[in-house]
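Presented below is the structure to which this report refers.
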Amino acid sequence: MLDELNKIKDSATLELQGISDLKALDDWRVAYMGRKGKLTQVLRGLSDLPIDQRKAVGSAANDIKTLLEAELKGRQQAVKDAKLAGGLDAIDVTLPGRPVSLGRLHPTTQMVREICDAFSAMGFEVVEGPEVESDYYNFEALNIPKDHPARDMWDTIWINRDQTIPTLLRTHTSPMQVRVMEQRQPPVRVVVPGRCYRYEATDATHESVFFQIEGLAVDKGITFADLKGSLFEFAKRLFGAERKVRFRCDYFPFVEPGVDMSIDCFVCGGKGCRLCSNTGWIEILGAGMVHPNVLKGVGYDPEVYTGFAFGLGVERILMLKHGIDDIRHFYANDLRFLKQF
Ligand code: DAH
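Next up, the structure:
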């Protein structure tokens with residue numbers, strides 16, 4: 017009887033090695049360990065054996081069963097692994113495809129485009145300029161001479177302060193006003209989107225890298241009414257046709273007079289809420305009539321030509337529009353934030 021068992025074990029093991037598909041493995045299992053399987057028969061016949069053999073044959077049969085089951089498992093796994101590693105079956109065409117995650121434009125890029133589109137529709141051309149600037153364009157040519165206290169308004173990241181031509185990372189897009197005017201004659205109508213840099217201790221409303229959009233219009237006979245009309249039109253496009261605007265005096269060295277422009281709060285309609293700090297108004301940009309010194313500096317005659325300029329912070333507009341409470345979200349690269357736009 018023990019001999020017979022060993023034969024079953026040997027033939028079963030040998031057969032198993034040759035099997036390489038799951039269906040055949042199951043047939044093998046049925047042939048040896050199924051209801052009418054060879055091993056099962058032996059176990060069934062135990063009761064017919066004389067009592068002194070029963071124990072030895074029983075335990076040998078059980079050991080073989082355990083062994084064969086373990087070998088079967090191993091073989092099944094090996095067959096599955098081989099399938100995954102290659103061969104036709106490696107591709108299960110019934111599996112749903114993996115979703116392709118599509119990229120999208122960064123919210124800042126989207127807003128830059130929206131704003132530039134609004135001004136393009138009014139005849140402004142979009143131009144760009146260098147982020148590494150000279151002291152001359154960033155300050156001097158904008159009527160901000162050395163040691164002028166207005167320089168305190170911009171926390172500058174210097175690249176080389178001591179050279180004949182000191183260089184820095186531009187603190188605003190305003191230097192492009194000068195670069196553009198140097199290169200062409202009026203009429204000039206441009207908007208300039210771009211990155212700006214400041215030496216900031218960052219907090220919820222300050223980042224050391226951010227985007228601005230500069231605007232400039234110079235021609236014969238441009239007045240403050242043109243400034244108001246253009247910027248009012250822009251505000252309505254971006255924040256809704258029912259918006260009201262307010263201009264108040266402000267100081268920027270390169271414009272005279274200088275103003276800040278606010279819109280009535282689009283959340284509370286001007287009644288006063290958290291967004292507008294209960295004032296009913298939200299400041300969105302700085303602007304003014306181009307200072308005669310800036311015009312003279314580029315060779316335009318301020319008696320003949322006048323113009324207006326403006327500058328706005330792109331992230332600030334986005335924060336207002338979408339109720340974002342921390343500017344640092346924009347460049348933290350957190351997809352949970354970015355995917356909302
Ligand atoms: N460059 C200014 C800043 O960064 C913003 C600004 C204000 C730009 C008034 C202008 C302007 O063109 O007219 O704070």
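With the working numbering applied, the sequence shown corresponds to residues 17 to 357, in that order. Built from N, CA and C at the ideal position, the CB exists for glycine as well.
- In the structure shown, I333 falls within a helical segment according to DSSP collapsed to helix, strand and coil.
- Counting only residues of its own chain and dropping the five nearest sequence neighbours on each side, H122 has no CB closer than 6 Å to any other CB.
- Per the coordinates, the alpha-carbon of T125 lies some 14 Å from the alpha-carbon of A134.
- Looking at T82, M138 and E156, the one whose alpha-carbon comes closest to that of K312 is E156.
- Nearest to D178 by C-alpha distance, out of S150, P203 and R186, is S150.
- Residue E20 holds the alpha-carbon nearest to the alpha-carbon of T56 among K39, R91 and E20.
- Between M277 and V234 the beta-carbon gap is near 19 Å, outside 8 Å, which marks them as no contact.
- V314 is the residue among T29, D341 and V314 whose C-alpha sits nearest the C-alpha of P191.
- Taking 6 Å as the cut-off, one finds no heavy atom of the ligand DAH near enough to the beta carbon of F346.
- With contacts defined as CB atoms closer than 7 Å, P269 and A348 fail to qualify as a contacting pair.
- The shortest C-alpha to C-alpha distance from S246 to any of L59, S27 and I131 is the one to I131.
- Beyond the five residues adjoining it in sequence on each side, A28 comes within less than 7 Å, by CB distance, of Y48 and L84 in the same chain, given in chain order.
- Distance from the CA of K54 to the CA of I24, rounded to the nearest whole angstrom, comes to 7 Å.
- Leaving aside the five residues that flank T189 on each side, the residues in its chain whose CB is nearer than 8 Å to its CB run, in chain order, G145, V208, P209, G210, C212, Q228, I229, E230 and G327.
- No heavy atom of the ligand DAH is found nearer than 6 Å to the CB of A220.
- Looking from the CA of V306, the closest CA among V204, H222, I67 and I298 belongs to V204.
- For K236, DSSP records a beta bridge to Y321.
- Distance from the CA of E223 to the CA of R186, rounded to the nearest whole angstrom, comes to 14 Å.
- Look at M138 here: in three-state DSSP terms it is coil, with no helix or strand label.
- Membership of Y215 in any beta strand (DSSP E) is not indicated, and neither H nor E is assigned to it by DSSP.
- Assigned with DSSP and collapsed to three states, V196 falls in helix.
- Counting only the Cα atoms, I67 lies some 29 Å from A86.
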